[in-house]
Amino acid sequence: MVSMFVLILLFAAPLSGQFSLISTTPPHGTTGVDTLATLSLTFNAPVDTTARFAYPGEFFLSLFFFPDSLVGEPDTITLSSDLKTVTIQGLHLAPETNYLFVIVDGVSLAGDSLDQPYPFLISTGPALPNGMVSGAVNYPGSSAEGSMVFFFERNPLEPGGGGTIRNGAVVGGSSGSYSADFMPGGTYWLVALQNFAIDETGEFAFIPGSAIGFYDPDGDAAPDSIIVPPGGQLSGINITLGSMDAVYARHNFPAILTLAHAWAGDAYPVAVYGDVEAEGNSYYWEYWFYSPLSAHFRSWVSFGEVVLQALSDSTLSTTLPLQQGWVDSDVAMAAAEAAGGSAYRSNNQDVSSDAALLRWYWGQPVKTIWLITYYSSTSAPLQLIIDALSGTPVGLEGAKPEMLPKEVALYPNYPNPFNPATTIRFALPEAMEVTAGIYNIAGQLVRTLFTGRRTAGVHSLMWDGTDDNGQPLASGIYLCRLQAGTHSAVRKMVLVR
59 MVSMFVLILL FAAPLSGQFS LISTTPPHGT TGVDTLATLS LTFNAPVDTT ARFAYPGEFF
119 LSLFFFPDSL VGEPDTITLS SDLKTVTIQG LHLAPETNYL FVIVDGVSLA GDSLDQPYPF
179 LISTGPALPN GMVSGAVNYP GSSAEGSMVF FFERNPLEPG GGGTIRNGAV VGGSSGSYSA
239 DFMPGGTYWL VALQNFAIDE TGEFAFIPGS AIGFYDPDGD AAPDSIIVPP GGQLSGINIT
299 LGSMDAVYAR HNFPAILTLA HAWAGDAYPV AVYGDVEAEG NSYYWEYWFY SPLSAHFRSW
359 VSFGEVVLQA LSDSTLSTTL PLQQGWVDSD VAMAAAEAAG GSAYRSNNQD VSSDAALLRW
419 YWGQPVKTIW LITYYSSTSA PLQLIIDALS GTPVGLEGAK PEMLPKEVAL YPNYPNPFNP
479 ATTIRFALPE AMEVTAGIYN IAGQLVRTLF TGRRTAGVHS LMWDGTDDNG QPLASGIYLC
539 RLQAGTHSAV RKMVLVR
């Protein structure tokens with residue numbers, strides 16, 4: 059549960075009259091808690107018991123706890139006569155275990171949402187650790203108050219996710235300061251989140267209006283860890299939040315170009331990918347660079363304004379540099395919408411779109427182009443080609459024979475790592491029988507994505523991280539295998555829960 063990132067609500071600074079949690083029983087820091095525990099939560103206003111949240115299902119409060127595998131179902135849940143105190147009775151806990159509880163949200167009878175998340179630590183053992191970590195969370199142009207800092211036992215961006223969250227602290231006051239007490243000794247990766255909730259599977263994810271930040275003191279766009287000695291007191295562990303609002307492709311490009319040149323002085327951009335809205339903005343962009351001297355690729359991803367180095371060793375099929383002066387994604391999408399994309403949206407259901415900025419387009423290396431692809435549950439995909447230097451349409455998929463793929467190709471999925479879904483693109487030079495499947499690292503087939511005949515051109519499939527029975531698969535490395543005629547190709551994908 060909650061090994062990678064859902065975000066839904068906005069935590070504002072506490073104001074008079076807002077809905078707040080004022081006490082818990084047992085309180086934060088209690089030891090020797092009975093394994094058959096009673097947990098009471100007292101609020102400053104009556105609780106609306108008709109409210110419902112994705113997690114846990116059919117409960118009027120949103121909360122989660124770690125380790126979740128060591129908490130059994132409670133026997134009963136009752137409310138006080140004034141509806142201000144919720145009592146969870148018969149909560150089955152494991153012996154000699156430290157628990158982190160986080161009350162994420164609730165709604166008062168007046169309709170106010172909980173003003174901020176409320177974490178607290180208790181233990182069924184005789185003592186809690188006595189370490190402490192403190193610092194500040196900065197949110198340029200906004201306030202970090204009410205955001206929360208989580209301490210993951212592993213890097214949450216690596217395969218397998220961040221594992222158990224060992225502690226958490228809320229940012230209080232205009233200074234943005236936080237302090238996490240009762241810290242056990244160990245190595246931790248810190249993630250700060252503002253505006254979050256928990257989905258029906260107990261996972262974090264992103265939506266508009268949320269913000270995220272990682273502990274990255276060297277500014278290399280790769281999260282860094284801290285080491286807390288047993289009983290250690292660490293201060294100055296600071297994090298900067300970035301908005302998760304959708305941006306255009308060029309928004310983060312200067313910062314990523316600087317990171318790429320720090321990696322390799324000769325690095326140049328070769329591709330940009332993103333799932334785009336009709337206006338050309340996206341919550342996720344992937345930027346690919348190539349270094350001729352090292353003969354290696356490296357990619358960076360942006361979640362809104364937050365830039366991270368991708369943990370991937372994938373390669374692309376092209377090393378041709380993007381031409382300078384390419385138009386931004388809003389210009390490209392405006393041209394695509396006018397050239398047929400808008401009509402496609404109007405005439406079909408469940409329409410989504412993605413954009414790929416490429417110098418190479420299946421045998422036509424002269425132009426740098428935006429390849430805009432529209433998808434629908436009721437129609438075949440539509441692809442439009444936009445000249446990336448002029449911003450004008452230059453063709454449709456299949457409109458010109460010379461624009462068809464020259465060979466079978468399986469392109470890197472994006473996003474990668476992904477949660478909850480990823481897009482897989484492949485190219486066919488002619489019509490042929492195709493089989494596409496997902497395999498686990500042991501080589502076992504877990505999901506068949508497609509079996510059948512496909513025409514020449516570029517096609518896309520989407521995988522939602524589930525097996526053939528519709529069950530969510532665990533975080534980890536998976537392989538996508540494409541068999542097209544006598545040709546086969548494999549790509550590595552990372553599912554992060």
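Numbering (our numbering), first residue to last: 59 to 555.
Even glycine gets a Cβ: it sits at the ideal position worked out from N, Cα and C.
Exposure of residue i, with buried meaning 16 or more beta-carbon neighbours within 10 Å
i: H309; result: buried
i: D412; result: buried
i: D131; result: The question names Asp, but residue 131 is Glu in the sequence shown. Under this definition E131 is an exposed residue.
i: H517; result: buried
i: R110; result: exposed
i: Q174; result: buried
i: G189; result: buried
i: L503; result: exposed
i: I180; result: buried
i: A401; result: exposed
i: S74; result: Residue placement at S74 is poorly supported in this model, since its pLDDT is 39, which falls under 50; the coordinates are not used for a value here.
Check whether residue i and residue j have beta carbons under 9 Å apart
i: Y342; j: S360; result: yes
i: T107; j: L186; result: no
i: Q252; j: Y197; result: yes
i: E394; j: L468; result: Here residue 394 turns out to be Ala, not Glu, going by the sequence shown. Not in contact: A394 and L468 (Cβ atoms no closer than 9 Å).
i: G193; j: M206; result: no
i: P451; j: A397; result: yes
i: L415; j: L380; result: yes
i: G399; j: M391; result: yes
i: A494; j: G515; result: no
i: N471; j: W521; result: yes
i: I146; j: S98; result: yes
i: V249; j: I314; result: no
i: G87; j: F178; result: yes
i: F101; j: K142; result: yes
i: W346; j: V385; result: no
i: P214; j: V552; result: no
i: W358; j: A238; result: no
i: F159; j: F123; result: yes
Opening and closing residue of the alpha helix (DSSP H) in which residue i lies
i: P177; result: From DSSP, P177 is part of no alpha helix (DSSP H) but of the beta strand (DSSP E) over Y176 to S181.
i: M302; result: Segment: none, M302 is in no alpha helix (DSSP H) and carries neither H nor E.
i: F311; result: F311 to W321
i: S387; result: S387 to A394
Neighbourhood of residue i by C-beta, 7 Å cutoff - its chain only, sequence neighbours within 5 removed
i: D140; result: P104
i: E154; result: T182 and G183
i: A353; result: none
i: A168; result: A103
6 Å Cβ shell around residue i - same chain, five flanking residues per side excluded
i: H545; result: V466
i: L151; result: T93, A95 and T182
i: S233; result: none
i: V548; result: L537 and R539
i: M490; result: A542 and G543
The beta strand (DSSP E) enclosing residue i, as first and last residue numbers
i: S283; result: S283 to V286
i: D333; result: Y326 to V334
i: I430; result: I427 to Y433
i: D563; result: As shown, the chain starts at 59 and ends at 555. That puts residue 563 outside it, with no answer to give.
i: W384; result: Run containing W384: none; DSSP gives neither H nor E here.
i: H150; result: T143 to H150
i: T493; result: M490 to N498
i: D163; result: N156 to D163
i: Q541; result: G534 to A542
i: V466; result: No beta strand (DSSP E) holds V466; DSSP gives it neither H nor E.
i: H354; result: H354 to F361
i: L251; result: G244 to Q252
i: G515; result: G515 to W521
i: I80; result: L79 to T83
i: E344; result: Y342 to S349
i: V105; result: Premise fails: V105 is in no beta strand (DSSP E) and is neither H nor E.
i: L97; result: L94 to F101
i: V554; result: Where V554 is concerned, there is no enclosing beta strand (DSSP E), given that its DSSP letter is neither H nor E.
Residue i, DSSP secondary structure in three states
i: R212; result: coil
i: V409; result: coil
i: D445; result: strand
i: A397; result: helix
i: R403; result: helix
Close Cβ partners of residue i (< 8 Å) along its chain, the five nearest in sequence each way excluded
i: N339; result: A304, V305, Y306, S387 and D388
i: T377; result: V328, Y348 and P350
i: R511; result: A489, M490, E491 and V492
i: F209; result: V191, I223, R224, N225, G226, A238, M241, Y246, W247 and L248
i: I295; result: V191, S192, G193, L248, Y273 and I284
Neighbour flag for residue i against chain C, beta carbons, 9 Å
i: A329; result: Checking the listed chains, one finds no chain C in this structure; it contains a single protein chain.
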